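J.: With the numbering used here applied, the sequence shown has no gaps in its numbers, which climb one by one up to 329 at the end.
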Amino acid sequence: MEIKIIVDAMGGDFAPKEIVLGAIKALKKDRNLKIILVGDEKLINPLLEQESSDLNVEVVHTDQFITMEESPKAAIKEKSKASINLAMQLLAENQGDALVSAGSTGATILSAAKFLPVIPGIERSALATVLPTARLHPGNHGISLLIDVGATLHCTAKQLVHFAYMGSYYVSHVLEIPRPRVALLNNGTEETKGGEVLVKTYRYLKEAPNLNFIGNIEGTDILKGTADVIVTEGFVGNIVLKTLEGASEILKHAGRYAYRKRLTWKVGLALLSSGVRQLKKRTDYSEYGGAPILGFKKLVIKAHGRSNAKAIANAIGVARQSVEQNIAEHIGDSIIEFNKQHRLDFIDI
């Protein structure tokens, strides 16, 4: 079966070159794949012409695109033919099965909300991200999914429960972690911790069918591998994500400083080089294929803004696997079942 992935060729710091090269890489690996590149054909076609002519690729032309510096809300409204808007329209019209973009996160989410229908029963979409974790707990796979990290800033208990279902299904079927452990991010592990929303969310998650809920976890547990799915509202999740990114940059800076400062430190780092390379690979965003935007009838994968060809190819691979697993439909079935069981309770949450 041919799977069609729509790619925003103009999104990202290194677009369109790295985006197109990533698409070519994915096509060479999978001959049952078709890629629709949306962007400026004057920039895209010369890159494609360097490859063999039998690539299953189509170019949809537009010379409009949204930069990282623009206001996402204004740009989505004013640039109707921007590459991300046109790509989302094609996806909404069923001309593709999933979409990949390395462009502005805000613009990607707003465009998805504008053009894509949500899964029945779901109120809000969620942006998830894959985090590397230590293997300090039995059954840990070295990664976990943090959901939400910015799509929905403040949530009700119902919405957080839906995020748990979305994250759990994605982790089990795309990241291939069986029976993923789901946890709620809170300021304490006790059932009564947090405000009213978190207390209610805990209660509903505890009773939720088909979820392996393990309770609350604190910020110190995020990278320990305590849970495979970590549920939080977008405001908190975004702060967590930016904090981790900042810490990573500081560690890189400290390593470069140590390497230059003293010979003994330089020798020490050289001896640790093998371990450092392994750590770098595990924390490299290009390995994980991007962040899924869940809650819509069609899947959107948000690749990192600094994505190279390898990262884009991996993001396309994740999108393909998600389509094969029919992620949206199965998430919808789980949400409908949970909503039926708690239809009266949801009046006050």
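Just so it is clear, CB atoms sit at the ideal spot from N, CA and C, and this is done for glycine as well.
The structure displayed is predicted, hence computed values, not measured ones.
1) Would you list the one or two residues that DSSP bridges to Arg161?
2) To which residues of the same chain is Asn218 closer than 7 Å at the C-beta, ignoring the five residues directly before and after it?
3) Could you check whether the segment 168 to 186 touches the segment 91 to 101, counting it as contact only if at least three pairs of C-beta atoms, one from each stretch, sit closer than 8 Å?
4) Please state whether DSSP places Asp(-12) in a helix, a strand or coil.
5) Could you tell me which of Leu155, Pro158 and Glu198 sits nearest to Glu170, measuring between CA atoms?
6) Do you know how far the Cα of Gly168 is from the Cα of Met146?
7) In terms of DSSP beta bridges, what is Thr109 paired with?
8) Cutting at 6 Å between CB atoms, please list the residues of its own chain near His121, excluding the five before and the five after it.
9) Between which two residues does the alpha helix (DSSP H) carrying His134 extend?
10) At which residues does the beta strand (DSSP E) containing Val179 begin and terminate?
11) Among Ile102, Arg159, Ile292 and Ser60, which has the Cα closest to the Cα of Leu90?
12) Under the assumption that Pro160 contacts Val154 (Cβ atoms under 8 Å), give the Cβ distance between them as a whole number of angstroms.
13) For Asp208, which residues in the same chain have their Cβ closer than 6 Å to its Cβ, ignoring the five residues on either side in sequence?
14) Assuming Val140 and Leu126 make a contact with CB atoms under 8 Å, what is their CB distance in whole Å?
15) Specify the secondary structure class of Lys277 as computed by DSSP and reduced to three states.
16) Could you have a look at Ile(-17) and say whether DSSP puts it in helix, strand or coil?
17) Could you give the residue range of the alpha helix (DSSP H) that holds Ser81?
18) Could you tell me whether the segment -3 to 7 touches the segment 56 to 71, using the rule of 3 or more Cβ pairs below 8 Å?
19) State the Cα-Cα distance for the pair Val331 and Val220, rounded to the nearest angstrom.
20) Which stretch, first to last residue, makes up the alpha helix (DSSP H) that contains Glu317?
21) Going by alpha carbons, who is nearest to Ser105 out of Gln321, Lys320 and Ile315?
22) For the beta strand (DSSP E) containing Val298, list its first residue and its last residue.
23) For Lys320, which residues of its own chain have a beta-carbon under 8 Å away from its beta-carbon, when the five flanking residues on both sides are left out?
24) DSSP on Val154, reduced to helix/strand/coil?
25) Looking at the strands, I want to know which residues DSSP matches up with Glu334.
26) I need the DSSP call for Lys59, collapsed to helix, strand or coil.
27) With a CB to CB cut of under 6 Å and the five nearest residues on each side skipped, what residues in its chain are close to Ala163?
28) Out of Val298, Glu317 and Ile16, state which residue places its alpha-carbon closest to the alpha-carbon of Thr109.
29) Here's the rule I'm using: 16 or more other beta-carbon atoms within 10 Å means buried, otherwise exposed. How should Thr223 be labelled?
30) Name the one or two DSSP bridge partners that Gln44 has.
31) Between the Cα of Pro52 and those of Lys22, Ala93 and Leu17, spot the shortest distance and give me the residue it belongs to.
32) Could you give the residue range of the beta strand (DSSP E) that holds Val0?
33) Quick check on DSSP: helix, strand or coil for Lys204?
34) Does the beta-carbon distance from Val(-13) to Leu66 come in below 7 Å?
T.: Well, looking at it:
1) Asn192
2) Val129 and Gly130
3) no
4) strand
5) Glu198
6) 24 Å
7) Leu126
8) Ile157
9) No alpha helix (DSSP H) holds His134; DSSP gives it neither H nor E.
10) Per DSSP, Val179 belongs to no beta strand (DSSP E); it is in the alpha helix (DSSP H), Glu176 to Glu187.
11) Ser60
12) No, Pro160 and Val154 are not in contact; Cβ-Cβ is about 11 Å, not under 8 Å.
13) Ser124, Val151, Ile157, Pro160 and Arg161
14) First, the residue type needs correcting, since residue 140 is Leu and not Val in the sequence shown. About 13 Å separates the two Cβ atoms, so there is no contact after all.
15) coil
16) strand
17) Taken as a continuous stretch (DSSP letters only), Ser81 belongs to no alpha helix (DSSP H), being part of the beta strand (DSSP E) at Ala78 to Ser81.
18) no
19) Because the chain spans -19 through 329 in this model, residue 331 falls outside it and cannot be assessed.
20) Ile307 to Gln321
21) Ile315
22) Note, Val298: premise wrong, no beta strand (DSSP E); alpha helix (DSSP H) at Ala289 to Glu304.
23) none
24) coil
25) Because residue 334 is not part of the residues shown, which for the chain are -19 to 329, the question remains open.
26) coil
27) Ile194, Ile197, Ala207 and Ile210
28) Val298
29) exposed
30) Ala62
31) Ala93
32) From DSSP, Val0 is part of no beta strand (DSSP E) but of the alpha helix (DSSP H) over Lys(-3) to Lys9.
33) coil
34) no
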